[in-house]
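A.B. asks: I have a structure here, written as structure tokens, and I will follow up with some questions on it.
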Amino acid sequence: MKLMSIGSVAWPVAFGMFFIAIWYLAIHLFKIPVYQLPTPDEIVLAGIAEHKTLLSGAIQTTIACVIGFVTSVIVAVVLSILLASSQWAYKGVYPYVLILKMTPVIVLAPIIVLWFGQGLGSITIITFLICFFPIVANTTMGLRSTDRNLLDLFDVYRANRHQEMLYLRIPHAMPYFLTGLKIAAALTPIGALYGDTIAGMGSGAEAGLGFVVVVFSSQLKIPALYAAAFTACAIGFIFVGIVSLLHWKLLRKWHDSFSLN
Amino acid sequence: MKLMSIGSVAWPVAFGMFFIAIWYLAIHLFKIPVYQLPTPDEIVLAGIAEHKTLLSGAIQTTIACVIGFVTSVIVAVVLSILLASSQWAYKGVYPYVLILKMTPVIVLAPIIVLWFGQGLGSITIITFLICFFPIVANTTMGLRSTDRNLLDLFDVYRANRHQEMLYLRIPHAMPYFLTGLKIAAALTPIGALYGDTIAGMGSGAEAGLGFVVVVFSSQLKIPALYAAAFTACAIGFIFVGIVSLLHWKLLRKWHDSFSLN
Amino acid sequence: MRQALKLIVDNQLRKDKSSLVSFEKVSKQYASGPQILDSIDLEIARGDFVALIGPSSCGKSTVLKLVANLITQSSGNITVGGGHASDSSEKIGYVFQDANLLPWATAKENIGLPLKLGHIPKEKRDKVAERLLSLVGLGQAADKFPRQLSGGMKMRVSIARALSTQPELLLLDEPFGALDEMTRDDLNEQLLKLRLIQKWTALFVTHSVAEAVFLSSRILVMSANPGKIFREITVDFPYPRTSITRTNPLFQKKILEVSQALHSVRGPE
Amino acid sequence: MRQALKLIVDNQLRKDKSSLVSFEKVSKQYASGPQILDSIDLEIARGDFVALIGPSSCGKSTVLKLVANLITQSSGNITVGGGHASDSSEKIGYVFQDANLLPWATAKENIGLPLKLGHIPKEKRDKVAERLLSLVGLGQAADKFPRQLSGGMKMRVSIARALSTQPELLLLDEPFGALDEMTRDDLNEQLLKLRLIQKWTALFVTHSVAEAVFLSSRILVMSANPGKIFREITVDFPYPRTSITRTNPLFQKKILEVSQALHSVRGPE
Amino acid sequence: DGSRSSSTDASDLTHVVLLTDWYPQPEHGGFYQALAKGYYKEAGLDVEIRPGANISDIRPLVASGQVNFGIGTSDTTLIGISRSLPLVGVFPYFQHDPQCIMFHPESNIKTLRDLDGHEVMIQTSMSYTEYMLKVMGLKLQLIPMDFSLSRFATNKDFIQQCFVTSEPIHLAEQGIETGVILLSTSGFDPYRHIYTSKDFLDKNPTIVRAFAEASIKGWRDFISGDPTPALELIASINSQQTMEFMHATINAMKQYHLAYDETRNIDESLGKYDISRLKNQLQQLKDLGLVDNAVEINQSTFAMSLLPELFNTETPK
Ligand SMILES: Nc1ncnc2c1ncn2[C@@H]1O[C@H](COP(=O)(O)OP(=O)(O)OP(=O)(O)O)[C@@H](O)[C@H]1O
Ligand SMILES: Nc1ncnc2c1ncn2[C@@H]1O[C@H](COP(=O)(O)OP(=O)(O)OP(=O)(O)O)[C@@H](O)[C@H]1O
Ligand SMILES: [Mg+2]
Ligand SMILES: [Mg+2]
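Chains A, B, C, D and E are the protein sequences, given in the same order.
For my numbering, count along the first sequence from 1 and bump the result up by 18.
For my numbering, count along the second sequence from 1 and bump the result up by 18.
For my numbering, count along the third sequence from 1 and bump the result up by 3.
For my numbering, count along the fourth sequence from 1 and bump the result up by 3.
For my numbering, count along the fifth sequence from 1 and bump the result up by 5.
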């Protein structure tokens, strides 16, 4: 594990340096103006200059992310279990989950705001709408592709549906679920930012990063805009990091994505 | 298979009727005005009235969807194979894939339009950005969780990396890949619509459904707006349907998500 | 009053001698494949220890799965404990042909699984699992995950699991195939000892004629293509049998008899 | 000229008699677990047919995996074909303890896999696979997927797969464990016949003493905790051995000798 | 000379692209009129009007030369210039921005000051918003603009931003009455204008000039003459525009004197910048902290000497 941690830091850093070098080079070679692509140092400076706005935006967005993400996970897991529990639920409900997923948020937004009011409530609903489907799709697939032989085993010992779900399908679906979770984690800040621009409150301490991005963008504060984008990424990384840790904790002992020797 | 097809139609239809009944009931009970939620018949009528606009928008959006989806699949598969091929690629590159994924499109849009011009090119890039990650995350997980014993088998027979990927990791990752594909398929129309509103051409035959949605929304043609949303869903269903068919074709013979008796 | 009691006892006895598993003209075909089992008649009384022996792929595992109601027959009738196989309430223990362990559970947890499914509290489960672990010689491996176990160890965990619920009917599909002779003989004897206490009925598949003769009261020799019961051989050595039984010349003779039956199954090929 | 030729032939002979596999004080420990193998010395010459026999979980599969370089030793030295196990170029055939088939490939495709990996064209592969399928008695099952096969059938596919490349070294981990006696004896004889043509060296694990004696030129009896080679027994019946060999009283005597060695391995427990 | 223009091949014409700020609509009518009536062709130009109905910023596209002309407000151009985008204002086609606040008539809103304490759906990024908050000192609860009317239609208390020429007309079609106040009445009063990149102007002053002249001609014709050619062209590429609606739009433009004002006796002629207004705008932006101090109103930020006949009263130094 010790060696791993060094490796897991060294490689991204090396690649980061490489990317940054290319970045500078591209700006230099193609004479890309600052309003198209600022240099990393300009972004850092802008980030420092705007750190107050960014921080309060980040806090607001993080709150929306946390609530939206947790809601997604809970609803998605419950829904997946329902979908995997019976053929009729799968056939009957899944198409409507898809419709919900595929309906453009701009159409749903007025209804959402009507029911949940302007602000955090609606933002988290929008975050939820964007995040929940990858978890549902993955978890459902995981729950439905349980090893036949193990299902036989549970049958022999007269496991009821509840037990079969809890002790067999769910552990078996873990790798799928965690992958869905990782996708959802990466989508969370996007969802929250987008929700912010659709249903947020656009002022003061209640303004999330979505608001900040729109304002920086229209005011052409491009380096600050990138700083905001990276702040959003940073929030995303916290989520992805937590999911990765969970993955490691839950699967390392038995799953083939972690091999022993 | 015959019995299945009846079931796979009957259940969704039954549920659809149920939902529609609730829909009417809700409008009736809570006196929801047409501007918030039109009745299904209003939507159908509006859809018929606007069928020309919807059709040309749908065609345009479908083109963007097809190109964006196909690009996502190709790039995502290649990227996943790279990520699964070596530990350093995974550790070095994956974080940057995440950054690309998590950077709000509104920040990337100027760069995208700068490089790919306004119109179909940029729309498909945006569709791509929205769709590719679920495929990457899932396929990478699938490629990395290959059965250890089968890896041993390939080792014994001196399979080179290329063969191990082609004959072992890829078939093994199929269920994961197909799940990612299903998520991407459901995201495709959203991506294309969003791309349309960010980088599209807003007129005539070149206007996609994103344009239609924004215009209907700004003109308060709410039933027509819903008709447009359902048109987008219909496009999504074609994609999801194709992926489901692929799933059935590829896995039914051997995977536990299709059981024999 | 007394008479009533006598009636109950009689009924009890009758029930004890009654058939636990019965096949009536059972045939089986998977999907649109060939006929696997052809019109099998089979009767297993409570307390029987029946061995199923026959060439590879003749349908032995299929018979076991039918008894456990994991698959359904294509035609014919199967009853288990008097009722239809699908709604029988007899407790079954099943050792599958492959170990079939939960990869995310330790050896101990795997053994305790049937008890967990029967809502037995954890302490009780752990106690039973530990006793069974030492019975199959795996006291040291309680906390290992399946991928850390050798082939024989996995099989032994699977055997222990099947015994954990003190089942009424034990279905064993080559339970000792992956074990060395000594461990095997050992476990054979353990099993017979346990049977004195737990009194289950057993139907087991084996490829070892010696094992079949040592353990069972009846041996069913199957023929293949399609699977049929070719011959039934009764083994009447008294239980409990011990290692001394093996040295009995009659034991060797019985082995020879079964072997010959098995050889004549194939016919010209 | 003649002398040069003689030299080549000599070299050839020397090479033929040279050691193919050699272990020098090899120990193995998994992760932070206990010592599994303890200072094993082992020499397998080209053309040897070596049986590895010992109690369950003594480390037999571990030895095979070390030879195939699937795991690395904790200490000691392993050479295969003269070089380090990790960069040996000897063609190996491996029958794993569980069948280890690709679930998405048919029996025929599974058998052809090693050839596919060796870039052999499809027609050739199919021809070899079909011949081997009928060798192991599975002519009918060519297009079945693993989940449609019985336990014994899967194992036979796995054996056929290991033979497909005409390997120099054959590693067999209880290849016949899941088979009935007749099929087993059959395959044993087929294997010896094939050996005359293909001339591989074999290291195989078995729990059947009779099988070990019938097939091998040397038998290594292992003891457990930690795994060591407890005794080596040479079997000097001339090849080719046939079913007649089994009736030879010396054959029975040999079996007894090995059995006794195996029994004395355990000691008091 | 129509004969000359008709004999001119498209290949002889100079291709330029005008990127608009929304889908084809009568608010762009003058440009379509110039296109439909061949004014651009006469000026030697092959003009492509590209609808820019996007939520992403178009200024960089003009600055980098992807398109030649863009539509925007003068304040956003100034902000762009202050962030080192090489932009130059060419001419205003609307003296006052159609951007306004829309509310239900039942509400007691008479002036912008009455918005104090209300929830308002508005583009938070607009300079107007900053102006109302910081200079006028209004306490507004801002809601991001979603360009949809459904919330307005269902909520009697709803207040939102709109184009005076568009949304109120759509709502009226559905029988919903509205009250409107132009945002320019706040005292912050930018132009809606055409801008180009410095580089393009420096290299092609005659093209820019030709484009400006032809466009202004189109606008004059569109407002004062017969707008039908433009309206038919718009309807043919945007089926959502009906003649009835577009005429109502034109009426609104006239009513609010958006393009020019010859009825009122003030100097707001079509296409003309007023330097003092621009200077005032810049000062206001500076006060709001929206631009850096480096910007000045001169020839390199607004190309006022390009059309000297419009500026015979005063020319910038
Ligand atoms: N991957 C692993 N991780 C940890 N321990 C392992 C691993 N593989 C094997 N072992 C341990 O090594 C020991 C020997 O295992 P091995 O599979 O070599 O036994 P074996 O002789 O083949 O037994 P059997 O006859 O039962 O197959 C066992 O105690 C087992 O628990
Ligand atoms: N799920 C299935 N689908 C199709 N065919 C199957 C299936 N399961 C088993 N079969 C076929 O049924 C036949 C009998 O299989 P079964 O597993 O009962 O054999 P067995 O007697 O247990 O053999 P073994 O001793 O090799 O385990 C085989 O020919 C096999 O191919
Ligand atoms: Mg079987
Ligand atoms: Mg082993």
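Ideal placement from N, C-alpha and C gives every residue a C-beta, glycine not left out.
Only a predicted model underlies this, so the values are computations on that prediction, with no experimental measurement involved.
Quick check on residue 167 (chain A) - is its C-beta less than 8 Å from some C-beta in chain C?
C.D. replies: The sequence position of residue 167 (chain A) within the first sequence is 149, counting from 1. Closer than 8 Å: yes.
A.B. asks: Indicate the three-state DSSP secondary structure (helix, strand or coil) for residue 54 (chain C) in the structure shown.
C.D. replies: The residue labelled residue 54 (chain C) in the question sits at position 51 within the third sequence. Strand at residue 54 (chain C).
A.B. asks: Listed from N- to C-terminal order along the chain, which residues in the segment 52-71 of chain B have their beta-carbon within a distance smaller than 8 Å of any beta-carbon of chain E?
C.D. replies: The residues in question are 53, 54, 70 and 71.
A.B. asks: Determine the closest residue to residue 48 (chain C) out of C:28, C:31, C:24 and C:35, with distance taken between C-alpha atoms.
C.D. replies: Position 45 of the third sequence holds residue 48 (chain C). Nearest C-alpha to residue 48 (chain C): C:24.
A.B. asks: Residue 96 (chain E) by DSSP, collapsed to three states: which one?
C.D. replies: In the fifth sequence, counting from the first residue as 1, residue 96 (chain E) sits at position 91. Looking at residue 96 (chain E) - three-state DSSP - the assignment turns out to be strand.
A.B. asks: Candidates B:38, B:193 and B:85: which alpha carbon is nearest residue 267 (chain B)'s?
C.D. replies: Here residue 267 (chain B) refers to the residue found at position 249 when the second sequence is read from its first residue. That would be B:193, whose Cα lies nearest to the Cα of residue 267 (chain B).
A.B. asks: Rounding to the nearest angstrom, what Cα-Cα distance links residue 271 (chain A) and residue 109 (chain C) in this structure?
C.D. replies: As a working mapping, residue 271 (chain A) is identified with position 253 in the first sequence. As a working mapping, residue 109 (chain C) is identified with position 106 in the third sequence. If I take the Cα positions, the gap works out to 10 Å.
A.B. asks: Residues in the same chain with beta-carbon distance under 6 Å from residue 80 (chain A), minus the five sequence neighbours each way, listed in chain order, please.
C.D. replies: Position 62 of the first sequence, counting from 1, holds the residue named residue 80 (chain A). Here the set comprises 253.
A.B. asks: Find the nearest neighbour of residue 171 (chain A) within the set C:56, C:231, C:152 and C:74, judged by alpha-carbon distance.
C.D. replies: Working through the first sequence from its first residue, we reach residue 171 (chain A) at position 153. Here the closest residue by C-alpha is C:74.
A.B. asks: Is residue 146 (chain B) close to chain E? Criterion is C-beta to C-beta, closer than 8 Å.
C.D. replies: Within the second sequence, the letter at position 128 stands for residue 146 (chain B). So, not an interface residue.
A.B. asks: Report the residue ranges of all beta strand (DSSP E) runs contained in full by the segment 176-247 of chain D; include only those spanning at least 3 residues, in chain order.
C.D. replies: You should have 204-208, 221-226 and 231-237.
A.B. asks: Please report the straight-line C-alpha distance between residue 91 (chain D) and residue 85 (chain D), rounded to a whole angstrom.
C.D. replies: For this step, residue 91 (chain D) is matched to residue 88 along the fourth sequence. For this step, residue 85 (chain D) is matched to residue 82 along the fourth sequence. Their Cα atoms are separated by approximately 8 Å.
A.B. asks: Starting from residue 96 (chain D), follow the alpha helix (DSSP H) in both directions and report where the run begins and ends.
C.D. replies: Sequence index remark: in the fourth sequence, residue 96 (chain D) carries index 93 (1-based). Premise fails: residue 96 (chain D) lies in the beta strand (DSSP E), 95-98, not in any alpha helix (DSSP H).
A.B. asks: Got a sec: is the Cβ-Cβ distance from residue 44 (chain B) to anything in chain D below 8 Å?
C.D. replies: Along the second sequence, read from residue 1 onward, the residue named residue 44 (chain B) stands at position 26. Chain D contact via Cβ: absent.
A.B. asks: Check whether the segment 20-29 of chain E and the segment 64-73 of chain E touch, using three or more Cβ-Cβ pairs below 8 Å as the test.
C.D. replies: Yes: the two stretches touch, three or more of their Cβ pairs being nearer than 8 Å.
A.B. asks: Hey, residue 230 (chain C) and residue 40 (chain C) are a contact pair by Cβ (cut 8 Å); roughly how many whole angstroms apart?
C.D. replies: Start at 1 with the first residue of the third sequence, and residue 230 (chain C) comes out as number 227. Start at 1 with the first residue of the third sequence, and residue 40 (chain C) comes out as number 37. Sure, about 5 Å apart at Cβ, within 8 Å.
A.B. asks: Got a list of residues with beta-carbon closer than 7 Å to any non-hydrogen atom of ligand 4, in chain order?
C.D. replies: Checking every Cβ against the heavy atoms of ligand 4 under 7 Å gives C:153, C:154, C:155, D:63, D:64, D:100, D:176, D:177 and D:208.
A.B. asks: Quick one: grab the DSSP three-state call for residue 149 (chain B).
C.D. replies: Residue numbering aside, residue 149 (chain B) sits at position 131 when the second sequence is read from its first letter. If DSSP states are grouped into helix, strand and coil, residue 149 (chain B) belongs with the helices.
A.B. asks: Which residues bound the beta strand (DSSP E) around residue 126 (chain E)?
C.D. replies: The residue you call residue 126 (chain E) lines up with position 121 of the fifth sequence. First-last of the beta strand (DSSP E) with residue 126 (chain E): 124-126.
A.B. asks: So residue 238 (chain B) contacts chain G; which residues on that side make the cut at Cβ distance below 7 Å?
C.D. replies: The structure shown contains no chain G; the protein chains it does contain are A, B, C, D and E.
A.B. asks: If we define contact as Cβ-Cβ less than 8 Å, is residue 314 (chain E) a contact residue for chain A?
C.D. replies: Taking the first residue of the fifth sequence as position 1, residue 314 (chain E) is located at position 309. Not closer than 8 Å to any Cβ of chain A, the Cβ of residue 314 (chain E) fails to qualify, so no.
A.B. asks: Quick one: does the C-beta of residue 147 (chain D) sit closer than 7 Å to a heavy atom of ligand 2?
C.D. replies: Position 144 of the fourth sequence, counted from the start, is the residue given in the question as residue 147 (chain D). The answer is yes for residue 147 (chain D).
A.B. asks: Residue 109 (chain A) to residue 33 (chain B), Cα distance in whole Å?
C.D. replies: In the first sequence, the residue the question calls residue 109 (chain A) occupies position 91. In the second sequence, the residue the question calls residue 33 (chain B) occupies position 15. So the alpha carbons of these two residues sit roughly 9 Å apart.
A.B. asks: Against chain C, which members of the segment 185-212 of chain A pass a CB distance test of less than 9 Å?
C.D. replies: Those would be 185, 186, 189, 190 and 192, in chain order.
A.B. asks: Between the beta-carbon of residue 236 (chain A) and the beta-carbon of residue 189 (chain E), is there less than 8 Å?
C.D. replies: Walking along the first sequence from the start, residue 236 (chain A) turns up at place 218. Walking along the fifth sequence from the start, residue 189 (chain E) turns up at place 184. Contact flag unset, no.
A.B. asks: Taking 8 Å as the threshold, find out whether the segment 201-213 of chain A comes into contact with the segment 24-36 of chain E through three or more Cβ pairs.
C.D. replies: Judged by Cβ distances under 8 Å, the segment 201-213 of chain A makes no contact with the segment 24-36 of chain E, as fewer than three pairs qualify.
A.B. asks: Taking the alpha carbon of residue 227 (chain E) as the point to measure from, which residue in E:132, E:263 and E:133 has its own alpha carbon closest?
C.D. replies: Translated into positions along the fifth sequence, residue 227 (chain E) becomes position 222. For residue 227 (chain E), the nearest C-alpha among the options comes from E:263.
A.B. asks: Would you call the segment 89-107 of chain D and the segment 122-129 of chain D touching, i.e. three or more CB-CB distances under 8 Å?
C.D. replies: The segment 89-107 of chain D is not in contact with the segment 122-129 of chain D.
A.B. asks: Which residue's Cα is closest to the Cα of residue 27 (chain E): E:187, E:62 and E:194?
C.D. replies: Against the fifth sequence, residue 27 (chain E) aligns to sequence position 22. If we check each option's Cα against that of residue 27 (chain E), E:62 comes out closest.
A.B. asks: In terms of alpha-carbon separation, which member of B:189, B:130, B:50 and B:55 lies closest to residue 158 (chain B)?
C.D. replies: Residue numbering aside, residue 158 (chain B) sits at position 140 when the second sequence is read from its first letter. Here the closest residue by C-alpha is B:189.
A.B. asks: Does the CB of residue 47 (chain B) have a neighbour CB from chain E at under 8 Å?
C.D. replies: Position 29 of the second sequence, counted from the first residue, corresponds to residue 47 (chain B). Closer than 8 Å: no.
A.B. asks: Could you tell me which uninterrupted alpha helix (DSSP H) segments, each at least 4 residues in length, are contained entirely in the segment 160-207 of chain E, listed from first to last along the chain?
C.D. replies: Here the runs fully enclosed are 172-178.
A.B. asks: With 16 as the cutoff for other CB atoms within 10 Å, does residue 156 (chain E) come out buried or exposed?
C.D. replies: In the fifth sequence, residue 156 (chain E) corresponds to position 151, counting from 1. Answer is buried; the Cβ neighbour count reaches 16.
A.B. asks: Quick one: is residue 75 (chain A) near chain E, going by C-beta distance under 8 Å?
C.D. replies: Sequence index remark: in the first sequence, residue 75 (chain A) carries index 57 (1-based). Judged by the 8 Å Cβ criterion, residue 75 (chain A) is not in contact with chain E.
A.B. asks: Closest Cβ-Cβ distance between residue 246 (chain E) and chain A: below 8 Å?
C.D. replies: Here residue 246 (chain E) is taken as the residue at index 241 of the fifth sequence, counted from 1. Closer than 8 Å: no.
A.B. asks: Is residue 107 (chain E) helix, strand or coil by DSSP?
C.D. replies: Indexing the fifth sequence from 1 puts residue 107 (chain E) at position 102. If DSSP states are grouped into helix, strand and coil, residue 107 (chain E) belongs with the strands.
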